[in-house]
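Going by UniProt numbering, the first residue of the sequence shown is number 1, and it counts up by one from there.
Some notes on the structure that comes next.
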Amino acid sequence: MKGHLQEGVFSLLLAVAAAILCVSAMGIPGSAHGSIAPSAFPSVITFAIAVLAALNVIACFLKGKKADNLPAISRQGFLNLILFVAFSTAYVWAMSVAGFLIPTFFYLVLMPVFICMISADRKGLLAKPAFWARVIVFAVIGTGIIYGVFVELLKVRF
1 MKGHLQEGVF SLLLAVAAAI LCVSAMGIPG SAHGSIAPSA FPSVITFAIA VLAALNVIAC
61 FLKGKKADNL PAISRQGFLN LILFVAFSTA YVWAMSVAGF LIPTFFYLVL MPVFICMISA
121 DRKGLLAKPA FWARVIVFAV IGTGIIYGVF VELLKVRF
């Protein structure tokens, strides 16, 4: 399959999955007085993903013959994509079981490690203490910012 067709098919699947998740997210119950409903953010984010993916489908098919030189995704790339989706799904599941802070921190620690493991030119970073220090600092600051914005500023209750 040509690269642009493959990208179009993956984008179409992403658009459908995001639309289904958007509808599902609208049904998330709960809200505290004076806070934004917990369903607001997942609904808006998945809606935006669905729209952008649908626009990418249109762009891919309009490219047509001009994009024939795009390479198709390799088997390793396809497996990496599946692992990323599984990893992100596990994060959402962990958030529903263990709360917001701990899963978010570990997701922000493990995602750079995952990226380094699938990138042959970046595997050497895993052995460097400076890499781990940057990852931990990034995860702490990122978790704090996400918590501050969603929980404290916008008063979203998980």
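C-beta: ideal position from N, C-alpha, C; glycine also.
Item to check | Beta-carbon proximity list for leucine 21, same chain, < 6 angstroms, skipping 5 on both sides | outcome: Cβ neighbours of leucine 21 beyond the five flanking positions: Thr46.
Item to check | Sub-8 angstroms separation of alanine 18 and alanine 59 beta-carbons | outcome: no
Checklist entry - Taking C-alpha atoms, which residue in Leu126, Ala139, Gly3 and Ser74 lies nearest to valine 109? => result Ala139
Checklist entry - Which residue comes first and which comes last in the alpha helix (DSSP H) that contains leucine 154? => result That residue, leucine 154, is in no alpha helix (DSSP H); it is neither H nor E in DSSP.
Checklist entry - If glycine 8 and valine 57 are in contact, beta carbons under 8 angstroms, what's the gap, nearest whole angstrom? => result 5 angstroms
Item to check | Nearest residue (CA-CA) to tyrosine 147, options Ala133, Leu101, Ala120 and Arg134 | outcome: Leu101
Checklist entry - Helix, strand or coil: which one does DSSP assign to phenylalanine 100? => result coil
Checklist entry - Three-state secondary structure (DSSP) at isoleucine 136? => result helix
Checklist entry - Under a three-way DSSP split, which group does isoleucine 73 fall into? => result coil
Item to check | Three-state secondary structure assigned by DSSP to glycine 27 | outcome: coil
Checklist entry - Got a sec, what are the start and stop residues for the alpha helix (DSSP H) alanine 54 sits in? => result 40-63
Checklist entry - From Leu81, Leu5 and Ala98, pick the residue whose C-alpha is nearest to that of methionine 111; which is it? => result With distances taken between Cα atoms, methionine 111 lies closest to Leu81.
Item to check | Integer-rounded CB distance, given that methionine 26 should sit under 8 angstroms from serine 43 | outcome: 5 angstroms
Next on the checklist: Buried or exposed for proline 103, going by 16 or more other Cβ atoms inside 10 Å?
Outcome noted: Buried.
Next on the checklist: I'd like the list of long-range same chain contacts for alanine 133, defined as Cβ closer than 7 angstroms, with 5 residues on each side in sequence excluded.
Outcome noted: none
Item to check | Integer-rounded CB distance, given that phenylalanine 114 should sit under 8 angstroms from phenylalanine 78 | outcome: The pair is not a contact, with the Cβ atoms about 16 angstroms apart (cut-off 8 angstroms).
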